[in-house]
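Enquirer: Okay, handing you the structure first.
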Amino acid sequence: MGDFRPIKTRLFIKYLEKHNCYRVKSKSGGSHSYWKRPGLTRRITIREADKEIPPFHIKTNLETLGLSFKDLEDFINKKK
57 MGDFRPIKTR LFIKYLEKHN CYRVKSKSGG SHSYWKRPGL TRRITIREAD KEIPPFHIKT
117 NLETLGLSFK DLEDFINKKK
């Protein structure tokens, strides 16, 4: 597994969309956005106001999605 490092929030959102995730509204209207995908038992949570997603959040969100860091890394490399 590669090293987790922060990635740009916009890039992570594109990655979520590529994997059929969609944004859902929060009842509180807070600073976080929530994403779902059919078959997930948990939602993905990110702070879109931040420029980057911290490594720990990337790791936990990938675990929720059942995806590997390698998959994310391949996606990033294709975007370059």
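Remember, the numbering used here sits 56 above the position in the sequence shown when you count from 1.
Here a beta-carbon is modelled for each residue, glycine too, at the ideal position from N, C-alpha and C.
For a test of the three-state rule: what should DSSP assign to proline 94, helix, strand or coil?
Expert: The residue given as residue 94 occupies position 38 in the sequence shown. Correct three-state label for proline 94: coil.
Enquirer: Using the Cβ count rule (16 or more neighbours within 10 Å means buried), how would you classify asparagine 76?
Expert: On the sequence shown, residue 76 is found 20 positions in, with the first residue counted as 1. Exposed, because fewer than 16 other Cβ atoms sit within 10 Å of the Cβ of asparagine 76.
Enquirer: For lysine 105, which residues of its own chain have a beta-carbon under 7 angstroms away from its beta-carbon, when the five flanking residues on both sides are left out?
Expert: In the sequence shown, counting from the first residue as 1, residue 105 sits at position 49. The displayed chain sequence assigns alanine, not lysine, to residue 105. Answer for alanine 105: Ser87, listed in chain order.
Enquirer: Can you give the beta carbon distance from isoleucine 102 to phenylalanine 68, rounded, assuming they're within the 8 angstroms contact cut?
Expert: Residue numbering aside, residue 102 sits at position 46 when the sequence shown is read from its first letter. Residue numbering aside, residue 68 sits at position 12 when the sequence shown is read from its first letter. About 7 angstroms; that satisfies the 8 angstroms criterion.
Enquirer: So, is leucine 154 buried or exposed, given that buried needs 16 or more other C-beta atoms within 10 angstroms?
Expert: Nothing can be reported for residue 154, as the shown portion of the chain is limited to 57 through 136.
Enquirer: Quick one: is glycine 122 buried, meaning 16 or more other Cβ sit within 10 Å of its Cβ, or exposed?
Expert: As a working note, residue 122 is residue 66 in the sequence shown. It counts as exposed.
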